[in-house]
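What follows is a set of notes on a single structure, which appears directly below.
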Amino acid sequence: MPRYPKSLSQRWPPLATLLVSVFSFIFFLAAWEATVRVLNIAPFLIPTPSAVARALYVGFTTNPTGSGSYLFAAVSTYAAALAAFALSGVLGVLCAILLAHSALGERIVMPYIVAFQTLPRIAIAPLFIIWFGHGALSKVTLATLVAFFPVLVNALVGFKSTGRGRLELMRSLKASWAQTFWLVQLPGATPYIFAGLDIALVFSILGVIVAEFVGGQEGLGVLILQSHFAIDVAGVFSVFVVLVIVGLALRGLLQLVGRHFLFWAEAQSGRAL
Numbered sequence: 212m213p214r215y216p217k218s219l220s221q222r223w224p225p226l227a228t229l230l231v232s233v234f235s236f237i238f239f240l241a242a243w244e245a246t247v248r249v250l251n252i253a254p255f256l257i258p259t260p261s262a263v264a265r266a267l268y269v270g271f272t273t274n275p276t277g278s279g280s281y282l283f284a285a286v287s288t289y290a291a292a293l294a295a296f297a298l299s300g301v302l303g304v305l306c307a308i309l310l311a312h313s314a315l316g317e318r319i320v321m322p323y324i325v326a327f328q329t330l331p332r333i334a335i336a337p338l339f340i341i342w343f344g345h346g347a348l349s350k351v352t353l354a355t356l357v358a359f360f361p362v363l364v365n366a367l368v369g370f371k372s373t374g375r376g377r378l379e380l381m382r383s384l385k386a387s388w389a390q391t392f393w394l395v396q397l398p399g400a401t402p403y404i405f406a407g408l409d410i411a412l413v414f415s416i417l418g419v420i421v422a423e424f425v426g427g428q429e430g431l432g433v434l435i436l437q438s439h440f441a442i443d444v445a446g447v448f449s450v451f452v453v454l455v456i457v458g459l460a461l462r463g464l465l466q467l468v469g470r471h472f473l474f475w476a477e478a479q480s481g482r483a484l
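Sequential numbering from 212 applies to the sequence shown in our numbering.
Structure follows, in structure tokens:
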């Protein structure tokens with residue numbers, strides 16, 4: 212039999228791949244720093260990585276309860292984002308279950324949901340500020356509605372993709388609706404649900420940031436605006452760094468949880484057969 216060349220992931224051990232990634236990132240930062248300094252680029256156009264690092268240090272070492280504290284702002288933003296993520300996940304899956312079992316309900320409700328999703332987030336955010344105030348409620352509400360759609364659509368596709376043969380098998384065994392749902396439909400839809408949750412996690416953070424841009428009193432979005440007004444580009448980049456790092460950490464955690472549930476779904480599906 213012909214022997215095919217191994218892929219890069221097979222030829223390189225994980226540690227070597229990690230080291231290459233780390234050194235590549237360090238080289239990128241060094242090149243960025245050198246380019247800005249050699250070309251004498253103005254700091255209000257592109258800051259140096261060292262300036263961004265200083266802004267991060269100042270932001271995290273200031274009074275934790277102060278308005279300029281990165282820690283206080285991050286807690287405010289991500290508390291609202293995680294609340295919106297949880298609500299959008301629960302509501303999206305519940306609505307998908309209802310619509311998957313009611314073709315008439317899907318035809319009636321889905322056009323309204325799609326129509327709402329076509330509205331620009333930045334345009335509807337002021338309405339939520341008027342209705343729910345400048346506090347956390349407006350941020351959570353807007354972010355929930357933004358993140359709700361991908362969960363609903365993916366979960367609905369998952370529930371409707373259950374093989375007809377499996378459903379007929381459960382009917383022939385005189386299984387109840389709950390047994391069919393728990394042993395067949397939910398395990399089959401689990402990969403779709405987590406695909407929707409993966410998108411919803413990002414959308415919930417973006418929804419909170421948009422609400423903070425429009426009328427927030429605290430949070431990372433407010434810090435970005437304040438840095439913009441002060442022409443502190445290094446401060447803006449430093450908040451971006453916080454958003455990227457925390458976002459990647461949350462997504463990694465979600466993927467770990469997802470792998471656990473996918474294993475459960477496969478086990479449940481195997482039991483059904």
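By construction, the Cβ of each residue, glycine as well, lies at the ideal position given by its N, Cα and C atoms.
For residue i, which of helix, strand or coil comes out of DSSP?
i, result
"residue 256", "coil"
"residue 372", "coil"
"residue 423", "helix"
"residue 428", "coil"
"residue 439", "helix"
"residue 345", "coil"
If you count every other CB in all the chains shown that lies within 10 Å of the CB of residue i, and 16 or more means buried, which is it?
i, result
"residue 365", "buried"
"residue 467", "exposed"
"residue 422", "buried"
"residue 438", "buried"
"residue 268", "exposed"
"residue 301", "exposed"
"residue 225", "exposed"
Examine the ligand SAM and report whether any of its heavy atoms sits within less than 7 Å of the Cβ of residue i.
i, result
"residue 393", "Inclusion of the ligand SAM in the displayed structure is not the case, the ligand content being empty and no account of it being possible."
Alpha carbon to alpha carbon, how far is residue i from residue j?
i, j, result
"residue 285", "residue 420", "11 Å"
"residue 359", "residue 246", "43 Å"
"residue 418", "residue 465", "19 Å"
"residue 449", "residue 455", "10 Å"
"residue 294", "residue 413", "13 Å"
"residue 275", "residue 371", "48 Å"
"residue 435", "residue 451", "8 Å"
"residue 237", "residue 283", "29 Å"
"residue 335", "residue 329", "11 Å"
"residue 281", "residue 265", "13 Å"
With a CB to CB cut of under 7 Å and the five nearest residues on each side skipped, what residues in its chain are close to residue i?
i, result
"residue 244", "259, 260, 261"
"residue 322", "none"
Excluding the 5 residues flanking residue i on each side, which residues of the same chain have their C-beta closer than 6 Å to its C-beta?
i, result
"residue 406", "365"
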